[in-house]
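Asks: One structure is given below, represented as structure tokens, and several questions about it will come after.
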DNA sequence: GGGCGTTTCGCACATAGTGCGAACGAGGTG
DNA sequence: CACCTCGTTCGCACTATGTGCGAAACGCCC
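Chains as they are written, first to last, in UniProt numbering: chain H, 1 to 258; chain A, 1 to 258.
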């Protein structure tokens, strides 16, 4: 059928199809009918129905008694919540972020280090102090140019950092972005000593960010708490901000450990 | 290999396996290694690696450069968020719920009707006014015994209600639960007329709940907003509560439509 | 009743998925 | 340095597994 010889060659066909169905249905706010799915995937009716039946039986998809449209089901919900939970975005933790936001009058971020990615787990902001436009809740790249990104790198040893840089070379996002590996490593050492990371106009012009590490009960750095302010205000407020993120990170860590 | 002749017989094997892997990994906060997954599924190494590769390539699973553990990846996050979004649990809507909670001093609920299920999309509560213990965010049954459940049924025509009752017969949860189809249908008519549903100790003893319908831009009833209070307080406060949920439902509907 | 869209069923074919075993690679340890 | 162990990939042979086609059973609306 469809030539499927991408990179390596591996890839379970029917599994890929099932996953693609999930994505299709997820992208359709009002659901899709079996026929629509079959058509968009270029599959036969029969095959599609069997795939859908599998998904339906496991509650990945659901539908209304009379209706013919498939929508995402409760298992997807459970998976999403499990991930949310793993990302530490629980109610008590959110309260800490809210308190931080109120205290410093700036958007507060919770990021969690996942694999080689950084997950923006939660943002606490307000109309008066809105979040950074470019930074959405979800997964994000830009490791070397953000305060929490540098914190993630600093949590690894030299070999780990090197491995990471092989896959994601530091790009120049603004005039101040660090793109040299040696300079980056120096700064990471400094960050390890301070247990605090700062970024001034390295990610976005006019903005600065300060982040402190969140630790698991075992002491591993699993994420960061940060706030971002106008770059021009940063110098004057740095002591206050440092105190705020250190305190926030400590509180989040504490609530994590129990 | 493993005999797999459950109910009907349909069910794509490799698809089911992939889905089960997702659930396994989702349930393991710190991730799983390939070997662990292989063992728990009773699969060969080779097969497991191929399945994992598929999941990994599509970003359903991720892992850290050095690490050997698989964790849920960004696609799962996206699916979860897509569902959250479909469930209307967005920030502006949450604000409405919070305002309701503050106004009436009781936990406020947002439920969305999905297929034959009711999804509890959001709960706004506080230490002073905590949520009902038995009712968690996520999907829930108990359609006939809750205010929002009755609202869901009332949004269907007689045939739709009948179809639903075939699959989920009304169980007696408390002494006041309605278990008779005729009585239920009478009440649904009343609810359709009032555009408001009330439940007093039908779901849990000592508790009462009042719910108003949320409508889509097209005018379809897609969910409900509700608050729950102590049953003994209900009569005295009913006018205030009715006003609050009607107002909340209206606001949510408005924010939905844009 | 006749048409239409959805869903299920049966069957024949060969592809796609599987399991086994072995090779490869990277650490770690004596 | 040779020897582990553990994680990952490769090759291959086999057939179970998934597939497509066609046709039949619903359920529904005009």
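For glycine and all other residues, C-beta sits at the position ideal for the given N, C-alpha and C.
Confirm, please, whether the CB-CB distance from residue 60 of chain H to residue 73 of chain H is below 8 angstroms.
Replies: Along the first chain, one-based indexing puts residue 73 of chain H at 73. Along the first chain, one-based indexing puts residue 60 of chain H at 60. Yes, these two residues count as a Cβ contact at 8 angstroms.
Asks: Between residue 116 of chain A and residue 164 of chain A, how many whole angstroms is the CB-CB distance? I'm expecting something under 8 angstroms.
Replies: Start at 1 with the first residue of the second chain, and residue 116 of chain A comes out as number 116. Start at 1 with the first residue of the second chain, and residue 164 of chain A comes out as number 164. Contact holds; Cβ gap of about 6 angstroms.
Asks: By the three-class DSSP mapping on this structure, what secondary structure does residue 248 of chain A have?
Replies: Indexing the second chain from 1 puts residue 248 of chain A at position 248. Residue 248 of chain A falls in the helix class under three-state DSSP.
Asks: Just to confirm, is the Cβ distance from residue 183 of chain A to residue 191 of chain A under 8 angstroms?
Replies: Numbered from 1 along the second chain, position 183 holds the residue referred to as residue 183 of chain A. Numbered from 1 along the second chain, position 191 holds the residue referred to as residue 191 of chain A. No, these two residues do not count as a Cβ contact at 8 angstroms.
Asks: The segment 70-83 of chain H: which residues have C-beta closer than 8 angstroms to a C-beta of chain A, in chain order?
Replies: Flagged, chain order: 71, 72, 73, 74, 75, 76, 77, 78, 79, 80, 81, 82 and 83.
Asks: Check the Cβ of residue 15 of chain A against every Cβ in chain H and list those closer than 8 angstroms, keeping chain order.
Replies: Numbered from 1 along the second chain, position 15 holds the residue referred to as residue 15 of chain A. Ordered by position in chain H, the residues that pass the 8 angstroms Cβ test against residue 15 of chain A are 14, 15, 17, 18, 51, 54 and 55.
Asks: Have a look at the DSSP bridge pairing and note the partners of residue 104 of chain H.
Replies: Translated into the one-based positions of the first chain, residue 104 of chain H becomes position 104. According to DSSP, which records beta bridges pairwise, residue 104 of chain H is partnered with nothing at all.
Asks: Quick one: which residues of the segment 118-139 of chain H get their C-beta closer than 9 angstroms to a C-beta of chain A? List them in chain order.
Replies: Residues 119, 137, 138 and 139.
Asks: Within 8 angstroms (strictly less), CB to CB, does residue 165 of chain H reach chain A?
Replies: The sequence position of residue 165 of chain H within the first chain is 165, counting from 1. Closer than 8 angstroms: no.
Asks: Can you list, in chain order, the stretches of the beta strand (DSSP E) that have 3 or more residues and sit fully within the segment 98-174 of chain A?
Replies: Fully enclosed beta strand (DSSP E) runs of 3 or longer: 108-114, 117-124 and 138-140.
Asks: If we ignore side chains and look at the alpha-carbon of each, how far apart do residue 32 of chain H and residue 43 of chain A end up?
Replies: For this step, residue 32 of chain H is matched to residue 32 along the first chain. For this step, residue 43 of chain A is matched to residue 43 along the second chain. For residue 32 of chain H and residue 43 of chain A, the distance between alpha carbons rounds to 33 angstroms.
Asks: How is the alpha helix (DSSP H) around residue 75 of chain H delimited, first residue to last?
Replies: Along the first chain, read from residue 1 onward, the residue named residue 75 of chain H stands at position 75. Residue 75 of chain H -> alpha helix (DSSP H) spans 74-86.
Asks: Cα separation between residue 208 of chain A and residue 253 of chain H?
Replies: One-based indexing of the second chain puts residue 208 of chain A at position 208. One-based indexing of the first chain puts residue 253 of chain H at position 253. Near 38 angstroms, if we compare the C-alpha coordinates of residue 253 of chain H and residue 208 of chain A.
Asks: Pairs of beta-carbons, one from the segment 77-94 of chain H and one from the segment 44-54 of chain A, closer than 8 angstroms: are there three or more?
Replies: Touching, no, given that fewer than three Cβ pairs across the two stretches are closer than 8 angstroms.
Asks: In the structure shown, what three-state DSSP assignment does residue 29 of chain A receive?
Replies: Here residue 29 of chain A is taken as the residue at index 29 of the second chain, counted from 1. Residue 29 of chain A falls in the coil class under three-state DSSP.
Asks: So, residue 249 of chain A versus residue 214 of chain A, is the Cβ gap smaller than 8 angstroms?
Replies: Sequence index remark: in the second chain, residue 249 of chain A carries index 249 (1-based). Sequence index remark: in the second chain, residue 214 of chain A carries index 214 (1-based). It is a contact, given that the beta carbons lie within the stated cut-off.
Asks: Is residue 233 of chain A near the ligand SAM, judged by its Cβ being under 7 angstroms from some heavy atom?
Replies: The ligand SAM is absent from the structure shown, which contains no ligand whatsoever.
Asks: Would you tell me roughly how many angstroms separate the C-alpha atoms of residue 194 of chain A and residue 203 of chain A, rounded to the nearest one?
Replies: As a first step, residue 194 of chain A is located in the second chain; it is residue number 194 there, counting from the start. As a first step, residue 203 of chain A is located in the second chain; it is residue number 203 there, counting from the start. Spanning the two alpha carbons is a distance of roughly 21 angstroms.
Asks: Could you give the DSSP three-state label for residue 200 of chain A: helix, strand or coil?
Replies: Position 200 of the second chain, counted from the start, is the residue given in the question as residue 200 of chain A. Correct three-state label for residue 200 of chain A: strand.
Asks: With a threshold of 8 angstroms, are at least 3 pairs of Cβ atoms found where one atom belongs to the segment 15-30 of chain A and the other to the segment 122-140 of chain H?
Replies: Segments in contact, no.
Asks: With a 10 Å radius around its C-beta and 16 neighbouring C-beta atoms as the bar for buried, classify residue 92 of chain A as buried or exposed.
Replies: The count along the second chain starts at 1 and reaches residue 92 of chain A at position 92. Exposed, because fewer than 16 other Cβ atoms sit within 10 Å of the Cβ of residue 92 of chain A.
Asks: Kindly identify the DSSP beta-bridge partner or partners of residue 207 of chain H.
Replies: Looking up residue 207 of chain H in the first chain gives position 207. Partner(s): H:230.
Asks: Who are residue 221 of chain A's beta bridge partners in DSSP?
Replies: Numbered from its first residue, the second chain carries residue 221 of chain A at position 221. For residue 221 of chain A, which the question treats as bridged, DSSP gives the partners A:215.
Asks: Against residue 45 of chain A, what residues of chain H qualify as contacts under a CB-to-CB distance less than 7 angstroms, listed in chain order?
Replies: For the purposes of this step, residue 45 of chain A is taken as the residue at position 45 of the second chain. Residues of chain H passing the Cβ test: none, with the nearest at roughly 14 angstroms.
Asks: Can you pull the chain A neighbours of residue 103 of chain H, defined as C-beta to C-beta under 9 angstroms?
Replies: Your numbering for residue 103 of chain H matches position 103 in the first chain. The premise fails here: residue 103 of chain H is roughly 20 angstroms from chain A at the closest Cβ pair, so nothing lies under 9 angstroms.
Asks: Using a Cβ-Cβ cutoff of less than 8 angstroms, which residues in the same chain neighbour residue 174 of chain A once the five nearest sequence positions on both sides are dropped?
Replies: In the second chain, counting from the first residue as 1, residue 174 of chain A sits at position 174. If we look at residue 174 of chain A and ignore the five residues flanking it on each side, its Cβ neighbours are 145, 201, 202, 203, 204 and 205.
Asks: Distance, Cα to Cα, residue 75 of chain A vs residue 19 of chain H?
Replies: For the purposes of this step, residue 75 of chain A is identified with residue 75 of the second chain, where counting begins at 1. For the purposes of this step, residue 19 of chain H is identified with residue 19 of the first chain, where counting begins at 1. Looking at the two C-alpha atoms, the distance is approximately 10 angstroms.
Asks: When you compare only the Cα positions, how much space is there between residue 223 of chain A and residue 189 of chain A?
Replies: For the purposes of this step, residue 223 of chain A is taken as residue 223 along the second chain, with counting starting at 1. For the purposes of this step, residue 189 of chain A is taken as residue 189 along the second chain, with counting starting at 1. When rounded, the distance between both Cα atoms is 18 angstroms.
Asks: Cα separation between residue 30 of chain A and residue 71 of chain H?
Replies: Walking along the second chain from the start, residue 30 of chain A turns up at place 30. Walking along the first chain from the start, residue 71 of chain H turns up at place 71. Rounded to whole angstroms, residue 30 of chain A to residue 71 of chain H spans 30 angstroms at the Cα level.
Asks: Could you give the residue range of the alpha helix (DSSP H) that holds residue 56 of chain A?
Replies: Mapped onto the second chain, residue 56 of chain A falls at position 56. First-last of the alpha helix (DSSP H) with residue 56 of chain A: 45-57.
Asks: Can you find the residues in the same chain that come closer than 8 angstroms, C-beta to C-beta, to residue 137 of chain H, ignoring five residues on each side of it along the sequence?
Replies: Against the first chain, residue 137 of chain H aligns to sequence position 137. 120, 121, 122 and 123.
Asks: Can the beta-carbon of residue 63 of chain A be found less than 8 angstroms from the beta-carbon of residue 69 of chain A?
Replies: Here residue 63 of chain A is taken as the residue at index 63 of the second chain, counted from 1. Here residue 69 of chain A is taken as the residue at index 69 of the second chain, counted from 1. Cβ atoms of residue 63 of chain A and residue 69 of chain A: closer than 8 angstroms.
Asks: Going by C-alpha distance, which of A:221, A:255 and A:78 is nearest residue 113 of chain A?
Replies: The residue you call residue 113 of chain A lines up with position 113 of the second chain. Selected option, being the one with the closest Cα: A:221.
Asks: For residue 233 of chain H and residue 186 of chain H, what's the separation of their Cα atoms in angstroms?
Replies: Taking the first chain and counting its residues from 1, one reaches residue 233 of chain H at position 233. Taking the first chain and counting its residues from 1, one reaches residue 186 of chain H at position 186. Each residue's Cα considered, the two are about 26 angstroms apart.
Asks: Measure the Cβ-Cβ separation of residue 225 of chain A and residue 212 of chain A and say whether it is below 8 angstroms.
Replies: As a working mapping, residue 225 of chain A is identified with position 225 in the second chain. As a working mapping, residue 212 of chain A is identified with position 212 in the second chain. Yes, they are a contact pair.
Asks: Over the uninterrupted alpha helix (DSSP H) stretch that includes residue 191 of chain A, give me the two end residues.
Replies: Working through the second chain from its first residue, we reach residue 191 of chain A at position 191. From DSSP, the alpha helix (DSSP H) with residue 191 of chain A extends over 181-194.
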